[in-house]
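Structure, as structure tokens:
In the numbering used here, the protein residues as written are 7 to 202.
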């Protein structure tokens with residue numbers, strides 16, 4: 007009778023070692039954030055809060071994506087270098103825990119933000135955030151206030167014009183009446199006009 011063995015004990019040990027190593031690599035990076043969907047207003051600040059664990063020194067890279075563009079915001083190493091692109095250099099704050107602060111938000115900042123954590127071994131993991139940027143309500147109120155003031159000035163100008171035209175009309179009518187009156191009646195009309 008033949009005893010057929012598919013695996014030798016050394017083969018099983020090598021296979022399990024490789025599988026454990028691959029599981030270690032797959033689970034080597036874990037990223038967590040308390041909030042993945044953020045809503046802010048124009049000119050506000052936002053912090054994309056991230057906590058990660060990994061073995062080794064990671065490289066952190068942030069990327070912005072929208073329907074029109076995809077661009078790198080910056081990359082850094084905790085306690086090491088920081089490389090922020092020129093477009094964002096004055097508005098981005100890089101943190102060693104992987105978090106990123108973005109100040110003075112604009113409408114075009116709304117979109118999808120991805121942080122990529124890469125270990126020195128080459129393994130990496132991505133984590134995404136959605137940012138919605140709303141227009142500030144007080145800009146609408148400023149527009150309404152300016153419109154109201156412009157209309158109020160226009161209305162007061164029209165009222166002043168109407169008042170001046172009314173005064174001119176009364177003077178013209180008084181002059182016409184004086185011309186049409188006979189001699190004695192003119193004197194009486196003048197006296198009556200002085201009383202008014």
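Built from N, CA and C at the ideal position, the CB exists for glycine as well.
*Once you ignore the five residues that flank residue 42 on each side, which residues in its own chain have a CB closer than 6 Å to its CB?*
135
_Using the three-state DSSP reduction, which class does residue 97 fall into: helix, strand or coil?_
coil
*Rounded to whole angstroms, what's the CA-CA distance from residue 105 to residue 124? Just pull it up for me.*
15 Å
*Near residue 100, which residues of its chain fall below 7 Å by C-beta distance, leaving aside the five closest residues on each side in sequence?*
80, 82, 88, 90, 106
*Please list, in chain order, all residues of the same chain as residue 138 whose beta carbon is under 6 Å from its beta carbon, the five residues on each side excluded.*
45, 116
*Indicate the three-state DSSP secondary structure (helix, strand or coil) for residue 24 in the structure shown.*
helix
*Does DSSP put residue 114 in a helix, a strand or coil?*
helix
_Bridge partner(s) assigned by DSSP for residue 67_ = 81, 122
*Give the DSSP bridge partners of residue 53, in chain order.*
107
*Residues near residue 120 in its chain [Cβ-Cβ closer than 6 Å; skip 5 each side]*: 69, 132, 134
*asked:* What does the alpha-carbon distance come out to for the pair residue 185 and residue 163?
replied: 33 Å
*If we ignore side chains and look at the alpha-carbon of each, how far apart do residue 167 and residue 155 end up?*
18 Å
*Taking residue 49 and residue 110 to be in contact with their CB atoms under 8 Å, please state how far apart those CB atoms are, rounded to whole angstroms.*
6 Å
*Mind checking whether residue 95 and residue 35 have CB atoms under 8 Å apart?*
no
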